Amino acid sequence: MFISNKSDSTATFLSNIPALKPVFDFLKNTDLSSLELGKHDISAGIFANVQEYDTKEEKLGRWESHKKYIDFQYIISGQERIKTTSNSKLTLKDDELDKKDALYYEKYQGSTSLIELHQDDFGVFLPEDAHEACLNLDSVSHVKKAVIKIPYSLLF
5 MFISNKSDST
15 ATFLSNIPAL
25 KPVFDFLKNT
35 DLSSLELGKH
45 DISAGIFANV
55 QEYDTKEEKL
65 GRWESHKKYI
75 DFQYIISGQE
85 RIKTTSNSKL
95 TLKDDELDKK
105 DALYYEKYQG
115 STSLIELHQD
125 DFGVFLPEDA
135 HEACLNLDSV
145 SHVKKAVIKI
155 PYSLLF
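When we follow the numbering used here, the leftmost residue of the sequence shown carries the number 5, and every step to the right adds one.
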(Lines of atoms letter the chains of each structure in order from A and count residues from 1; the text may use other names and numbers.)
(Lines give C-alpha, C1' and ligand atoms only; values in the text may rest on other atoms or scores of the structure.)
Protein backbone atom coordinates (compact mmCIF):
# COMPACT_ATOMS: atom_id res chain seq x y z
CA MET A 1 0.00 0.00 0.00
CA PHE A 2 1.16 3.52 -0.80
CA ILE A 3 -0.39 6.78 0.32
CA SER A 4 0.82 9.98 -1.30
CA ASN A 5 0.02 13.30 -2.95
CA LYS A 6 0.62 13.88 -6.65
CA SER A 7 3.31 16.47 -5.87
CA ASP A 8 5.49 14.64 -3.33
CA SER A 9 8.54 12.38 -3.60
CA THR A 10 6.57 9.12 -3.35
CA ALA A 11 4.61 10.13 -6.45
CA THR A 12 7.89 10.95 -8.23
CA PHE A 13 9.27 7.55 -7.24
CA LEU A 14 6.15 5.68 -8.38
CA SER A 15 5.95 7.60 -11.66
CA ASN A 16 9.37 6.20 -12.60
CA ILE A 17 8.06 2.64 -12.53
CA PRO A 18 7.37 1.92 -16.24
CA ALA A 19 4.00 0.24 -15.64
CA LEU A 20 2.79 3.26 -13.62
CA LYS A 21 4.03 5.98 -15.99
CA PRO A 22 0.76 5.98 -18.01
CA VAL A 23 -1.19 6.57 -14.77
CA PHE A 24 0.87 9.60 -13.79
CA ASP A 25 0.80 10.92 -17.38
CA PHE A 26 -3.00 10.64 -17.27
CA LEU A 27 -3.17 12.51 -13.95
CA LYS A 28 -0.80 15.21 -15.19
CA ASN A 29 -2.29 15.73 -18.66
CA THR A 30 -6.03 15.38 -17.97
CA ASP A 31 -8.40 18.05 -16.69
CA LEU A 32 -9.73 15.79 -13.96
CA SER A 33 -12.24 18.29 -12.61
CA SER A 34 -14.18 18.26 -15.89
CA LEU A 35 -13.71 14.55 -16.61
CA GLU A 36 -17.03 12.80 -17.19
CA LEU A 37 -18.16 10.06 -14.85
CA GLY A 38 -17.61 6.51 -16.02
CA LYS A 39 -14.85 4.41 -17.53
CA HIS A 40 -11.84 5.97 -19.28
CA ASP A 41 -9.20 3.79 -20.96
CA ILE A 42 -5.65 4.90 -20.21
CA SER A 43 -3.20 2.34 -21.62
CA ALA A 44 -2.42 -1.40 -21.88
CA GLY A 45 -5.38 -2.59 -19.83
CA ILE A 46 -5.18 0.34 -17.40
CA PHE A 47 -8.42 2.28 -16.99
CA ALA A 48 -10.02 4.81 -14.67
CA ASN A 49 -13.52 4.65 -13.21
CA VAL A 50 -14.50 8.22 -12.39
CA GLN A 51 -17.21 8.45 -9.75
CA GLU A 52 -18.94 10.96 -7.51
CA TYR A 53 -20.59 10.23 -4.19
CA ASP A 54 -21.18 11.50 -0.69
CA THR A 55 -19.08 9.87 2.00
CA LYS A 56 -20.85 7.70 4.55
CA GLU A 57 -20.74 6.66 8.18
CA GLU A 58 -18.37 3.84 9.03
CA LYS A 59 -21.24 1.49 9.91
CA LEU A 60 -22.34 1.66 6.24
CA GLY A 61 -18.90 0.85 4.84
CA ARG A 62 -17.90 -2.38 3.11
CA TRP A 63 -14.54 -4.12 3.19
CA GLU A 64 -13.13 -5.23 -0.16
CA SER A 65 -9.96 -6.31 -1.92
CA HIS A 66 -9.05 -7.20 -5.50
CA LYS A 67 -6.89 -9.82 -7.21
CA LYS A 68 -6.58 -8.96 -10.91
CA TYR A 69 -6.17 -5.19 -10.52
CA ILE A 70 -4.27 -2.88 -8.22
CA ASP A 71 -6.58 -0.13 -6.96
CA PHE A 72 -5.14 3.38 -7.40
CA GLN A 73 -7.66 5.72 -5.74
CA TYR A 74 -7.10 9.39 -6.61
CA ILE A 75 -9.18 12.16 -5.00
CA ILE A 76 -10.11 14.81 -7.58
CA SER A 77 -12.16 16.82 -5.08
CA GLY A 78 -13.51 16.35 -1.58
CA GLN A 79 -12.06 14.26 1.21
CA GLU A 80 -12.60 10.85 2.73
CA ARG A 81 -11.30 8.34 5.21
CA ILE A 82 -10.24 4.85 4.20
CA LYS A 83 -9.68 2.01 6.63
CA THR A 84 -7.20 -0.67 5.59
CA THR A 85 -5.82 -3.92 6.93
CA SER A 86 -4.44 -7.19 5.62
CA ASN A 87 -7.13 -9.28 3.97
CA SER A 88 -5.74 -12.27 5.91
CA LYS A 89 -7.38 -10.81 9.05
CA LEU A 90 -10.84 -10.72 7.50
CA THR A 91 -13.61 -13.26 6.96
CA LEU A 92 -14.76 -13.60 3.36
CA LYS A 93 -18.42 -12.78 2.80
CA ASP A 94 -18.85 -12.63 -1.00
CA ASP A 95 -16.52 -13.69 -3.81
CA GLU A 96 -17.22 -11.63 -6.93
CA LEU A 97 -13.81 -12.04 -8.55
CA ASP A 98 -15.30 -13.33 -11.81
CA LYS A 99 -17.82 -10.48 -12.17
CA LYS A 100 -16.14 -7.46 -10.55
CA ASP A 101 -12.64 -8.49 -9.44
CA ALA A 102 -13.83 -7.99 -5.88
CA LEU A 103 -13.78 -9.92 -2.65
CA TYR A 104 -16.11 -8.57 0.04
CA TYR A 105 -15.62 -9.24 3.73
CA GLU A 106 -17.58 -9.32 6.97
CA LYS A 107 -17.42 -6.26 9.23
CA TYR A 108 -14.12 -6.12 11.10
CA GLN A 109 -13.57 -4.53 14.50
CA GLY A 110 -9.88 -5.34 14.91
CA SER A 111 -6.79 -3.24 14.34
CA THR A 112 -6.78 -1.14 11.16
CA SER A 113 -4.90 1.77 9.65
CA LEU A 114 -6.87 4.95 9.03
CA ILE A 115 -6.01 6.99 5.98
CA GLU A 116 -7.20 10.50 5.20
CA LEU A 117 -7.30 11.44 1.54
CA HIS A 118 -7.84 15.02 0.38
CA GLN A 119 -7.77 16.64 -3.06
CA ASP A 120 -4.79 15.36 -5.12
CA ASP A 121 -4.00 12.60 -2.60
CA PHE A 122 -4.01 8.97 -3.65
CA GLY A 123 -3.89 5.51 -2.14
CA VAL A 124 -2.55 2.46 -3.96
CA PHE A 125 -3.97 -0.83 -2.71
CA LEU A 126 -2.36 -4.15 -3.62
CA PRO A 127 -4.24 -7.48 -3.59
CA GLU A 128 -3.49 -8.14 0.10
CA ASP A 129 -4.64 -4.64 1.12
CA ALA A 130 -8.29 -4.88 2.13
CA HIS A 131 -9.86 -1.45 2.30
CA GLU A 132 -13.10 0.18 3.38
CA ALA A 133 -13.33 3.45 1.43
CA CYS A 134 -15.76 6.34 1.02
CA LEU A 135 -16.04 7.03 4.76
CA ASN A 136 -16.75 10.39 6.41
CA LEU A 137 -13.69 12.21 7.63
CA ASP A 138 -15.17 14.87 9.92
CA SER A 139 -18.55 15.11 8.24
CA VAL A 140 -20.18 14.15 4.96
CA SER A 141 -18.11 15.26 1.97
CA HIS A 142 -18.99 15.19 -1.72
CA VAL A 143 -16.14 13.36 -3.44
CA LYS A 144 -15.09 13.06 -7.04
CA LYS A 145 -12.60 10.24 -7.39
CA ALA A 146 -10.76 8.39 -10.13
CA VAL A 147 -10.32 4.73 -9.24
CA ILE A 148 -7.58 3.65 -11.60
CA LYS A 149 -7.34 -0.07 -12.20
CA ILE A 150 -3.85 -1.35 -13.01
CA PRO A 151 -3.46 -5.00 -14.02
CA TYR A 152 -1.44 -6.72 -11.31
CA SER A 153 0.38 -8.62 -14.07
CA LEU A 154 1.97 -5.37 -15.32
CA LEU A 155 3.89 -4.96 -12.08
CA PHE A 156 4.50 -8.47 -10.78
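We put the CB at the ideal spot given by N, CA and C, even for glycine. Since the structure is predicted, the reported quantities are computational estimates derived from the model, not experimental observations.
Of the listed residues the options, nearest to residue i (C-alpha basis)
i	options	result
D45	Q113, K32, V27 and H70	V27
D142	R85, L36 and V128	R85
E61	V144, L158 and K10	V144
L64	N140, K149 and S157	N140
N91	G114, G49 and Q77	G114
A150	Y78, N33, I21 and D105	Y78
Residues near residue i by beta carbon distance below 7 Å, same chain, minus five either side
i	result
Y57	C138 and V147
L101	K71 and L107
Sequence-distant residues of its chain with Cβ nearer than 6 Å to residue i (five each side left out)
i	result
K153	F51 and Y73
D133	M5 and T88
L39	V54
H135	I86, T88 and F129
L158	A23
Per DSSP, cross-strand counterpart(s) of residue i
i	result
Q55	K149
H44	A52
V128	F6 and F76
K2	No statement about residue 2 is possible, as the shown extent of the chain runs from 5 to 160 and does not include it.
Check whether residue i and residue j have beta carbons under 9 Å apart
i	j	result
I80	L118	no
S11	L18	no
L41	W67	no
Q83	L121	yes
Three-state secondary structure (DSSP) of residue i
i	result
K103	helix
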